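Presented below is the structure to which this report refers.
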Amino acid sequence: MTDLRAEVRRGVSALGQVPAQGRGSTSDLSIDEALLLHSVGWEPVELVTGVSMASVPWGVWSWGQGEIAAASAAHATAMRGASERLTEECDRAGGHGVVGVRVAVNVYPNHVDVELVGSAVRPVGRRGQPPARPFVSDLSGRDFCLLLRAGWEPLGLAFGASFVYAPRRSARTTLGQAGQNVELTNFTEAMYQARELAMERMQQAALDIGAGGVVDVVMRQGPMTFATHAIGFTAWGTAVRCGPEGHRHLDPEMVVPLDDAVVAFAAESLRGRPANAE
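Following my numbering, the residues of the sequence shown are numbered contiguously, the last one being 264.
Structure representation (structure tokens):
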């Protein structure tokens, strides 16, 4: 069983070390995540960001169902640009990768806005030449440490997006079903098509960088503002692969959290109620 006190002491001792070039580290990791990071031999370096905006060109879509290729391409361009800038900042800071990446995607009528924010990290004591391409992961600091302990490694963020135009129903069908509770099959089919295309692209992006799978996948879907009858589906996650030493089995441990924010009772209730209270 892991000695928690020894892990905490080792983490606190590592936090007291001065990084290279006399600079302190900055990160948005929580205290326990920073300590866990040091316990597996890594340290935070700097808070890094990547932002990109891509325009959605004007277009005319027919009544038939199909993907809005211009919108899907704009989303891919913005994601790729933000990810590249994030890794560039990480590389300049001397990091080997970025963890805890927060992904913010906003789709407007004429452009797509993507913002990535995370903490650049590197192995303690190995402050030399970083890898050719730093990894990017939206895993939390705790999940990143768990992944390393199990013998796996993150490779990068895998993205997938698709925007599909749902065909309009005829006036006869619309009027005939006005007083009925029926399924809008045109939107249902558009959602399924957008989902399949987005998931396929995310999986292909993971395969292109040599990953064995994608974990911690986040999915967003719904109507789009840039075109009526447009359905969008976006998905992203961390592409991972098993390390050279193979998978290591971890024994689960029972943990009782002590930070429950739920109020079990009001302190005033212990004082009792006045005799004349109703």
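All C-beta atoms, glycine included, are put in the ideal place defined by N, C-alpha and C. Remember, predicted model here, so these are calculated numbers, not experimental data.
Use the C-beta contact count for residue i: other C-beta atoms within 10 angstroms, 16 or more gives buried, fewer gives exposed.
i, result
"A118", "exposed"
"I17", "exposed"
"Y94", "exposed"
"G27", "exposed"
"M240", "exposed"
"V168", "exposed"
"E29", "buried"
Excluding the five sequence neighbours on either side, which residues of its own chain have a C-beta within less than 6 Å of the C-beta of residue i, listed in chain order?
i, result
"M279", "No statement about residue 279 is possible, as the shown extent of the chain runs from -13 to 264 and does not include it."
"E32", "T12, A79, A106"
"V4", "Any answer about V4 is weak, because its pLDDT of 44 lies below 50 and its placement is not dependable; what the coordinates show is given next. Taken in chain order, the list of residues that qualify is empty."
"A192", "A144, V200, A225"
"S38", "A64, G67, A68, V100"
Check each candidate in the options and name the one with the smallest Cα separation from residue i.
i, options, result
"G146", "P43, V84, E186", "E186"
"Q179", "D77, V34, I54, L23", "I54"
"G86", "D77, R128, A59", "R128"
"L133", "T63, V201, M39", "V201"
"V122", "V42, T63, G104", "G104"
"E231", "F130, E139, D237", "E139"
"R88", "S69, V98, H82", "S69"
"H235", "R135, Q189, M188", "R135"
"C131", "D14, P243, H82, S25", "S25"
Would you give the residue range spanned by the beta strand (DSSP E) that residue i belongs to?
i, result
"S58", "First-last for S58: 55 to 78, but that is the alpha helix (DSSP H), not the beta strand (DSSP E)."
"M188", "Segment 171 to 194 is the alpha helix (DSSP H) holding M188; no beta strand (DSSP E) there."
"G167", "Correcting the residue type first, residue 167 is Asn in the shown sequence and not Gly. Element bounds for N167: n/a, residue is neither H nor E."
"G142", "138 to 151"
"G208", "199 to 209"
"L33", "28 to 41"
"V110", "Premise fails: V110 is in no beta strand (DSSP E) and is neither H nor E."
"N96", "No beta strand (DSSP E) contains N96, which DSSP labels as neither H nor E."
"W222", "216 to 228"
Which residue comes first and which comes last in the alpha helix (DSSP H) that contains residue i?
i, result
"E239", "Note, E239: premise wrong, no alpha helix (DSSP H); not H, not E."
"E19", "17 to 25"
"R135", "127 to 135"
Spatial neighbours of residue i within its chain, please: C-beta separation below 7 Å, excluding the five flanking residues on both sides.
i, result
"A152", "Q51, N172, F173, A176, H215, I217"
Return the chain-ordered list of same chain residues with a C-beta closer than 8 Å to the C-beta of residue i, the five sequence neighbours on each side being excluded.
i, result
"S126", "E19, V85, G86"
"M210", "A57, V93, F149, A216, I217, G218"
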